[in-house]
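Under the numbering used here, read the sequence shown as residues 15 to 636, first letter to last. Just so it is clear, CB atoms sit at the ideal spot from N, CA and C, and this is done for glycine as well. Computed from a predicted structure; not experimentally measured.
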Amino acid sequence: MTNKNHSSTVLDKIPNLPIVTFILFLLVLLSSLTQAAPRLDLTDQQNMYDLALYLDLLEDPKGVLTIEHVSSKEMSEHFKANTNKVLNFKFSQSIHWARLNVRNLSKETVWYIYQFYSSGGFADHVDLYLLQEDGSFKTFREGQSIPVINRRTPDSFASFALSITYNENKTIYLRVKDEGLFFLPLYMRNMESIKAGHIYTTIPVFILLGAIIFFLVYNFLLFSSLRDSIILFYNLVLVCLLLSLLKVIFLAFFDFHVWWANRLEIIIADIFFPMSWILLTKSYFGTRNAAPRLNNILLTLLFIYIGLIIALFVLPFPIIAPLVFWVGIVYHLVILATSIFCWVKGFTAARYFSIIVIPVFSVGSLFSLNVLNIFPLTIWQMLGLTYVLYFPLLLLFSFALIHRYNFLKERMLQSMQQTEKLKDEFLANTSHELRTPLHGIIGLCEGILAGRERGIKLEWGNELNLILQSGKRLSNLVDDILDFSKMKQGDLQINPRPVDFNSLLTVVLAICKPMIGQKDIQINHEIPEKLPMIMADENRFQQIMLNLVGNAIKFTPQGEVKIKAEIQENACKISVRDTGIGIAPDKLETIFTRFSQVDGAIDREYGGTGLGLAISKDLIEL
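(1) Write down the C-beta distance between Leu-293 and Leu-250 rounded to the nearest angstrom, noting that I regard them as a contact closer than 8 Å.
(2) By the three-class DSSP mapping on this structure, what secondary structure does Ala-585 have?
(3) Between Met-426 and Asn-420, what straight-line distance do the alpha-carbon atoms span, to the nearest angstrom?
(4) With distance defined between alpha-carbon atoms, name the residue in Glu-552, Val-492, Ile-597, Phe-237 nearest to Ser-517.
(5) Establish whether the CB of Pro-510 and some CB of chain D are separated by less than 8 Å.
(6) If you follow the beta strand (DSSP E) that Ala-175 is in, where does it begin and where does it stop?
(7) Rounded to whole angstroms, what's the CA-CA distance from Ile-372 to Ala-364? Just pull it up for me.
(8) Please classify His-271: does DSSP put it in a helix, a strand, or coil?
(9) By Cβ distance, which residues of its chain are closer than 6 Å to Val-272, with the 5 residues on each side in sequence left out?
(10) So, are the CB atoms of Ile-127 and Leu-54 less than 8 Å apart?
(11) Using the rule of at least 16 other Cβ atoms within 10 Å of the residue's Cβ for burial, across every protein chain shown, is Asn-276 buried or exposed?
(12) Could you check the C-alpha separation between Leu-47 and Lys-104 for me, to the nearest Å?
(13) Look at Ile-13 and Leu-383 and say whether their C-beta atoms are less than 8 Å apart.
(14) Would you kindly work out how many angstroms separate the C-alpha atoms of Phe-389 and Ser-379, rounded to a whole number?
(15) Below 7 Å CB to CB, which residues in the same chain sit around Gly-564 once its five sequence neighbours on both sides are set aside?
(16) With DSSP run on the structure shown, which of helix, strand or coil describes Lys-76?
(17) Do Glu-540 and Lys-587 have their C-beta atoms within less than 8 Å of each other?
(18) What residue does the beta strand (DSSP E) around Met-89 start on, and which one ends it?
(19) What residue does the alpha helix (DSSP H) around Phe-331 start on, and which one ends it?
(20) The alpha helix (DSSP H) that contains Pro-306, what's its start and end?
(21) Measure from the alpha carbon of Asn-98 to the alpha carbon of each residue in Ser-106, Leu-69, Ile-595, then state which is nearest.
(22) Given this structure, state the Cα-to-Cα distance separating Phe-237 from Leu-326, to the nearest angstrom.
(23) Beta-carbon separation of Trp-125 and Asn-204 under 8 Å?
(24) Taking all protein chains shown into account, decide if Asp-497 is buried (16 or more other Cβ within 10 angstroms of its Cβ) or exposed.
(25) DSSP state of Lys-527, grouped into three classes?
(26) Distance, Cα to Cα, Glu-193 vs Ile-81?
(27) When you compare the CB positions of Tyr-187 and Arg-307, do they come within less than 8 Å of one another, or not?
(28) For Trp-394, count the other beta carbons within 10 Å of its own beta carbon; 16 or more makes it buried, fewer makes it exposed. Which is it?
(29) Over what stretch of residues does the alpha helix (DSSP H) that includes Val-84 continue unbroken?
(30) Looking only at its own chain, which residues have a Cβ that is under 6 Å from the Cβ of Leu-633, when we skip the five neighbours before and after it?
(31) Where DSSP assigns a beta bridge to Arg-203, which residues make up the other side?
(32) Locate the beta strand (DSSP E) running through Ala-50, then write down its first and last residues.
(33) Give me the Cα-Cα distance between Pro-161 and Val-348, rounded to the nearest whole angstrom.
(34) Tell me the rounded alpha-carbon separation between Leu-538 and Gly-461.
(35) Around the Cβ of Tyr-180, are there at least 16 other Cβ atoms within 10 angstroms (buried) or fewer (exposed)?
(36) Given this structure, state the Cα-to-Cα distance separating Cys-459 from Val-521, to the nearest angstrom.
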């Protein structure tokens, strides 16, 4: 009993265990918050270091602190170790101080603090303070506000050379001032890293520049011939891409006031580029008719971007710049939704558009989320996504355009074929309808002329002959149209059998004799006496000969028409020659084209449909 009471008394004196645990957790947390960032040890095994996790940070909202203040022991406790892999100040207008402790364990005696270019551009003002042995500070100044002529390295806005001997410790302070800073990718590099970096970053940039310029020229030539607004808007996208790459060069080698530089960077890369894509998407899918609601959303985004351009020059930059990136996220989602919607709706060309847009705009959304510090990306992740995926896929959009034109071309051909089929059916139906009254007219005229001896006046007989000849001519034209229609549809039947050419020619000459009229034309023929039978469809053979002999008579004012047949191996060669107006050598191929005449003057003088020779050629080739 005594032991039990004693133990319970001891337990009563121990504080509540959960409370103790919570207090210990707070102590550990507070100690971690005040703990300084680790020292950076430079070694020969590495030639580049990301400084983000080695920096202690201090924010100066009022901008009143000096190097003497921040380096004092009292202010030292106000520095907080940075725990983010990406330095993102979220468009802060405060002045930011950074402290770095470094020790050199390498053979290199010169190292560089280097700011990479990112989507936020370069910092406006960067001051570096290097603590000397006597307690004073050596000051260096770089940044976008420094004139080009005064920069130590023209290809970078923040590159500081540090002389540091082996096993030497250095304390470095950085003071960063910017109108609306968000990214500050700082690295410690040696000369070997800088030289290699120039190679690995410059080559991809120039390859992309060359590719963009090539596609710009190619699409400009394409636009000059097709006059398609889609090509124009795609060229606008490429121009924005080109400016996005060239702006780094412009800012590096030309002086721009930081006020203008900050706004131009946002406008070119984050406003003009989305606007050009919106115009391209509207034109590519024809959203005005295909998806009116999506079209209205795209138009709304366009007007929002126009409003943001105006706001950037009127309202404070740190307020408007984040809005640009929030709108950018919405823009990426809308373009993705439009592409997928049109793909689902059966727009075939949307397939290739979506294949390109889905990864590209997903990456674009990540970039916007990165700027807003929602999904942080390192500079290398951004460069990798940009050069390996983003730009190349945008250039591959040219192939989506090619597929779209092939799709439209195929659809146009199908439409033309359908129209051609309807035209042929109309011609065939109309010709069939004309045949019956024509045969009636011809039959009546022939009946009346046959009864001329019953007292028909001479002038009536001449007029009836004219009607009869016109009717027969019109009947022949109708027959040609019907044959043409049948051949196009593959309905023309050929029934070959042995044919006596002499007998067939006698019939042809008898039919063609009235065509001579008052012309001084002699028709001669040169046919072998023992010409064998020819295997052919007699009716179609006769039609061919009528077309050839009829053409010869029609285009010969006077002279001779000669028909010749000769045996060549297992075939019979038949030729029709005349002494008429002739055919120019360059027109020999066109005379066999359907509805074609040698020239308009001949068409007006001699008439005809231009089908006779074309039908004859097709019949021979059957």
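Walking through what the data contain:
(1) 7 Å
(2) In the displayed model, Ala-585 falls within a strand according to three-state DSSP.
(3) 10 Å
(4) Glu-552
(5) Absent from the structure: chain D. Only one protein chain is present.
(6) 173-177
(7) 11 Å
(8) coil
(9) Asp-138, Gln-158, Ser-159
(10) no
(11) buried
(12) Only weak support exists for where Leu-47 lies, its pLDDT of 46 falling under 50; the coordinates are left without a value.
(13) The chain is shown from 15 up to 636; residue 13 falls before or after that span and cannot be answered.
(14) 10 Å
(15) Taken in chain order, the residues that qualify are Cys-526, Met-529.
(16) coil
(17) no
(18) Careful: Met-89 lies outside any beta strand (DSSP E), inside the alpha helix (DSSP H) at 87-90.
(19) For Phe-331, the enclosing alpha helix (DSSP H) starts and ends at 331-358.
(20) Looking at the DSSP string, the run of the alpha helix (DSSP H) that includes Pro-306 is 306-328.
(21) Considering only alpha carbons, the answer is Leu-69.
(22) About 34 Å.
(23) yes
(24) buried
(25) Shown here, Lys-527 sits in a helix according to DSSP, grouped into three states.
(26) 21 Å
(27) no
(28) exposed
(29) That run of the alpha helix (DSSP H) goes 81-84.
(30) Arg-554, Ile-558
(31) Met-62, Tyr-126
(32) Taken as a continuous stretch (DSSP letters only), Ala-50 belongs to no beta strand (DSSP E), as it is neither H nor E.
(33) 41 Å
(34) Sequence check: residue 538 is Asn here, not Leu. Inter-residue distance for Asn-538 and Gly-461 is about 33 Å (C-alpha atoms, whole angstroms).
(35) exposed
(36) 22 Å
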